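Data block below; observations after.
In the working numbering, the protein residues as written are 226 to 483.
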């Protein structure tokens, strides 16, 4: 009431600057309500079952041996944090931050190895066709020599190509699926989705991010790994993404500059 119809003796400068106690109180209450909502969501999700991946790391080892470079210590640390999550029967909800070129894609690929080795499908979703196609080409180059079927699904696919891709995904012939928003559409079904990877997650709404969660099979909720190159201060990350655990790749590979 005070904000919408302030009395004539109200401090107009404070109101204009947004520093009036009434405004500060409203902001505080909204932040508290947001945090309670995130905590309730996190508590609810922790009660849901997810597949536990007891990976032998054979697939990940083969992938790394085929690469012409070594993982950084930061990549190894974050990959270990992710694997510890994937071993649990509660769904992983982890945000990975890192500059462009820090190696988030490789970390995501290692996470995918653990799910694939346990015979679960992996879906990687990116906000644009260009970014999604980059991931598709990378994952195809890395995984197909290891015997993994990599599929592509985007909104621009039409007709026979689209129907064939959806059928492969639904029947489980496609093991690693890369695409755009098309992945969470109602008509797209998965045979055994165990891990969802979302790149540039701030480009998606919460509902979109959680839509893929509902596509799990056998009463299991897929693990979720979300990535961003946008620097997020720790306090803001805790406020805006309180339902997510956070890992930071704070080291660039040799020869890379910020």
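Ideal placement from N, C-alpha and C gives every residue a C-beta, glycine not left out. Please read all numbers here as calculations on a predicted model, not as lab measurements.
Taking the Cα positions, residue 302 is about 45 Å away from residue 245. Annotation: the continuous alpha helix (DSSP H) that includes residue 310 extends over 298-311.
415 is the residue among 446, 238, 404, 415 whose C-alpha sits nearest the C-alpha of residue 396.
A contact is defined here as three or more CB-CB pairs under 8 Å, and the region 374-391 fails this definition with respect to the region 307-314. Here residue 307 is buried. Its C-beta has 16 or more other C-beta atoms within 10 Å. For residue 377, the secondary structure class from DSSP, reduced to helix, strand or coil, is strand. Beyond the five residues adjoining it in sequence on each side, residue 377 comes within less than 7 Å, by CB distance, of 361, 390, 403, 404 in the same chain, given in chain order.
Here the alpha carbons of residue 253 and residue 230 stand approximately 20 Å from one another. Relative to the Cα of residue 353, the nearest Cα in the group 242, 448, 473, 406 belongs to 406.
Only exposed fits residue 290, as fewer than 16 other CB atoms lie within 10 angstroms of its CB.
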